[in-house]
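As structure tokens, the structure follows; a few thoughts come after it.
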């Protein structure tokens, strides 16, 4: 019964990729959006070309594209991207691996909540960028500092959303599992977690955004590699096309990761689709 | 056998002046339910019958009194002295007194419960819901592995078929209709083959035709269990007088709340299978209607 529509192997991979592309790119190819987007691109190209806007402030689209190609060939852009992404994923995994279990435990148990919640309530209002000077002193300049800053940025939204989602678990689900004999650990794994699942995915999206903010801030403050570093360098040399390439890349990475999370959510919460 | 002695439940609530105030939900209910009986509890809304049912299930601790199932205490009573209170608090510092244990799944009593809004897990398919309950019931000492798992699957399919959910095994609750969800909850409760099933207004949310069919299904399954020498006690909270009388061996009418207590116990000594229009049944229904009517009128007199 389950395997009726099941496909396996490479076909399955292609099918999933196709589904992902359709989901992610679908809203770019609607007539409405294209009506807005194509004129915008044209304006970007034409305004500097006709001299309405000075080209030193707004380089043409084609110039930016050429700068991208140049950076790719001569400035190790791919390596910089790889560094940034590596740090980002390290930080993301650490933050999620810490925040989700702590959030689960805090939502589950009153005692644990009363111990930990005030701590996060005190620490979380500190804006993550305010951590930069301390972090540089403690970790020095390097990957560990960048990762720590991103962890700080990603941790709180994931923690609080998980906690809230778990805390709001419908007591009827708990009661029905308890009557059947569920232990507390089973409740956490099979009831609380799934109830909070939507909130957790939501918070991961916020986490991606916060992580990218901290990526730029951290790398702009120090380091020799990464997109944020390239951005800082472009600022120092007043290379507006390079800045735009960096901005575009960051935007693209954020968009792509959020689409991945969205697709994950669709795949893992089939049970919600029917509503 | 379920024995309850002098069950009372008080809540502390905040009144409109912002002051703490006591609220009596259940007052001094004593009741003995023999094995294999179907008992219905009727009464106006807010008379504490649902609270009483939750106390029976061990989901709330009674303020006073004790409940024994086959001689075993359902929940330890709440502390009454200061010393006991401190002990109690210390013992349940980390996990709630309702918890079954931290890591091992083990039910305290052989009870299954069906809630008013079903409480089937929306993130599991029909069959996963049933298998989940079976796994919990198998407990810490379960023989893990393929054999046990396929056995559970077979059992789950068997009970899903029994309640008429064949073909809906891999549907999620959101894809099922209200009546089907109710059947799923019923299958989940039956699959663990409990001695006691507690139901909180089980058929309130389904339409009249579905309801009659579900009632008949329930009776059939109950008779099956009885024939198989594993009698089930069914305790049901209901708003529907006809349903209560048609199904039960005994109807318990609660007095209007707050502070519901047993007002009348009305045995229904009519052999099964019964007809819904049996004169004996109709007579009892009318008696109960008269009782409820009287209470409502009296209450309105007082309130004016």
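Chains as they are written, first to last, in the working numbering: chain S, 1 to 275; chain A, 1 to 304.
Beta carbons: idealized from backbone N, C-alpha and C, even for Gly.
Take residue i as the anchor and find which of the options has the nearest alpha-carbon.
i                      : options                       : result
residue 129 of chain A : S:123, S:173 and S:133        : S:173
residue 226 of chain S : S:208, S:235, S:134 and S:246 : S:246
residue 193 of chain A : A:205, A:233, A:201 and A:181 : A:233
residue 112 of chain S : S:81, S:229 and S:163         : S:163
residue 238 of chain A : A:253, A:227, A:225 and A:18  : A:253
residue 99 of chain A  : S:125, S:197, S:186 and S:90  : S:186
residue 270 of chain S : A:124, A:280 and A:28         : A:124
residue 166 of chain S : S:196, S:71, S:143 and S:190  : S:196
residue 31 of chain A  : A:41, A:22 and A:23           : A:41
residue 164 of chain A : A:208, A:150, A:213 and A:204 : A:213
Buried or exposed for residue i, going by 16 or more other Cβ atoms inside 10 Å?
i                      : result
residue 178 of chain S : buried
residue 113 of chain A : buried
residue 147 of chain A : exposed
residue 50 of chain S  : exposed
residue 293 of chain A : exposed
residue 193 of chain S : buried
residue 127 of chain A : buried
residue 200 of chain S : buried
residue 43 of chain A  : buried
residue 128 of chain S : buried
residue 22 of chain S  : exposed
residue 89 of chain A  : exposed
residue 182 of chain A : buried
residue 140 of chain A : Low confidence applies to residue 140 of chain A: its pLDDT is 49, below 50, so where it sits in the model is not reliable enough to give any reading.
residue 38 of chain S  : exposed
For residue i versus residue j, is the C-beta distance shorter than 9 Å?
i                      : j                      : result
residue 245 of chain A : residue 291 of chain A : no
residue 103 of chain A : residue 121 of chain A : no
residue 158 of chain S : residue 96 of chain S  : yes
residue 27 of chain S  : residue 103 of chain S : no
residue 215 of chain S : residue 250 of chain S : yes
residue 248 of chain A : residue 39 of chain A  : yes
residue 218 of chain S : residue 134 of chain S : no
residue 191 of chain A : residue 47 of chain A  : no
residue 55 of chain A  : residue 2 of chain A   : no
residue 182 of chain S : residue 59 of chain A  : no
residue 248 of chain S : residue 150 of chain S : no
residue 241 of chain A : residue 53 of chain A  : no
residue 95 of chain A  : residue 57 of chain A  : no
residue 240 of chain S : residue 93 of chain S  : no
residue 141 of chain S : residue 232 of chain S : no
residue 154 of chain S : residue 100 of chain S : no
What are the partner residues of residue i, as DSSP defines its beta bridges?
i                      : result
residue 29 of chain A  : A:7
residue 12 of chain A  : A:22
residue 254 of chain A : A:262
Go ahead and pull the three-state DSSP assignment for residue i.
i                      : result
residue 114 of chain A : strand
residue 38 of chain A  : strand
residue 44 of chain A  : coil
residue 65 of chain A  : strand
residue 129 of chain S : helix
residue 149 of chain S : helix
residue 235 of chain A : strand
residue 102 of chain S : helix
residue 194 of chain A : coil
residue 109 of chain S : coil
residue 281 of chain A : helix
residue 107 of chain A : coil
residue 152 of chain A : helix
residue 140 of chain A : Summary for residue 140 of chain A: the model assigns pLDDT 49, below 50, so the residue's position carries little reliability; its value from the coordinates is reported in the next sentence. It is coil, neither helix nor strand.
residue 202 of chain A : coil
With a threshold of 8 Å, establish whether the CB of residue i neighbours any heavy atom of the ligand FAD.
i                      : result
residue 252 of chain A : The ligand content of the structure shown is nil, which means the ligand FAD is not present either.
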